[in-house]
Amino acid sequence: YKRQAFWRLNDALSLRTEARGTYNIDEDFWNYTALAGLNVVLGGHLKPAAAVVEVTPVEPTPVAPQPQELTEDLNMELRVFFDTNKSDIKPQYKSEIAKVAEKLAEYPNATARIEGHTDNTGPRKLNERLSLARANSVKSALVNEYNVSASRLTTQGFAWDQPIADNKTKEGRAMNRRVFAAISGSRTVLVQPGQ
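When the count follows UniProt numbering, it moves up by one through the sequence shown with no breaks and lands on 195 for the last residue.
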């Protein structure tokens, strides 16, 4: 085997090393040789040494912290209760609907699923129409009073199929005559460092 190394110290001086090893099979013998050599260039002209330039360190310009993007999620519910056989929104629920409209304005990609429900009095067909009319009343208020795009709102009537209370009592039936709306969406906001 053979190994060599070469180092240039400058233009006139270099160092060379070499190591060799041989194996004699007949005599089962290893022979090692190590060589070191110094190469010196005599005569000729050396390149002039490079001029030393003093470097003045420059203070780095501070980088202004960049704002961070954060995603805020919206998950909100609305409950509106109705009188028997009515789909008119009672005045006490107007402020709750206004809050939903405000959040829909703050979250431009948010949507609302509006579900209408009834108690179990009266014929089924009437309750199917009434539950959808209740959902559409809330949708209409959002669209006409608060300029929410109708494409962001879906309505569905469930009649008496999803009660939340016992329809055998007056109080239970009052709880079942309702609209439930689920509002969801997200938005990206920029937050300045330190806020």
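Backbone N, C-alpha and C define an ideal beta-carbon position, used for all residues, glycine too.
This one's a predicted model, so the numbers in the text were calculated from it and none came from an experiment.
Query raised in the report: Along the chain, which unbroken stretches of the beta strand (DSSP E) at least 3 residues long are found entirely within the region 106 to 160?
Result: 111 to 116 and 153 to 157
**Report entry** residue 97 in three-state terms, based on DSSP
**Finding:** helix
Query raised in the report: Under a three-way DSSP split, which group does residue 174 fall into?
Result: helix
Requested in this report: Look at the Cβ atom of residue 181, then the Cβ atom of residue 138, and state whether they are nearer than 8 Å.
Outcome: yes
Requested in this report: Compute the distance between the beta-carbons of residue 184 and residue 111, then report whether it is under 8 Å.
Outcome: yes
Requested in this report: Go ahead and label residue 159 buried or exposed: buried means 16 or more other beta carbons lie within 10 angstroms of its beta carbon, across all protein chains shown.
Outcome: buried
Query - Alpha-carbon to alpha-carbon, residue 145 and residue 92 - result: 16 Å
Report task. Look at residue 116 and residue 98 and say whether their C-beta atoms are less than 8 Å apart. Result -> no
Report task. Leaving aside the five residues before and after residue 148 along the sequence, list all residues of the same chain whose C-beta is less than 7 Å from its C-beta, in chain order. Result -> 101, 104 and 142
Requested in this report: Reducing DSSP to helix, strand and coil, say where residue 77 ends up.
Outcome: strand
**Report entry** Cβ-Cβ distance between residue 136 and residue 155 below 8 Å
**Finding:** yes
Requested in this report: Give the single residue among 62, 52 and 113 whose Cα lies nearest to the Cα of residue 157.
Outcome: 113
Query raised in the report: For the beta strand (DSSP E) that residue 24 lies in, which residues bound it at each end?
Result: Taken as a continuous stretch (DSSP letters only), the beta strand (DSSP E) holding residue 24 covers 13 to 24.
**Report entry** Cβ-Cβ distance between residue 20 and residue 14 below 8 Å
**Finding:** no
Query raised in the report: How close, in whole Å, do the beta carbons of residue 67 and residue 191 come, if the pair is a contact with beta carbons under 8 Å?
Result: 6 Å
**Report entry** As assigned by DSSP and simplified to three states, the class of residue 9
**Finding:** coil
Query raised in the report: Where does residue 86 sit, in a helix, a strand or coil, going by DSSP?
Result: coil
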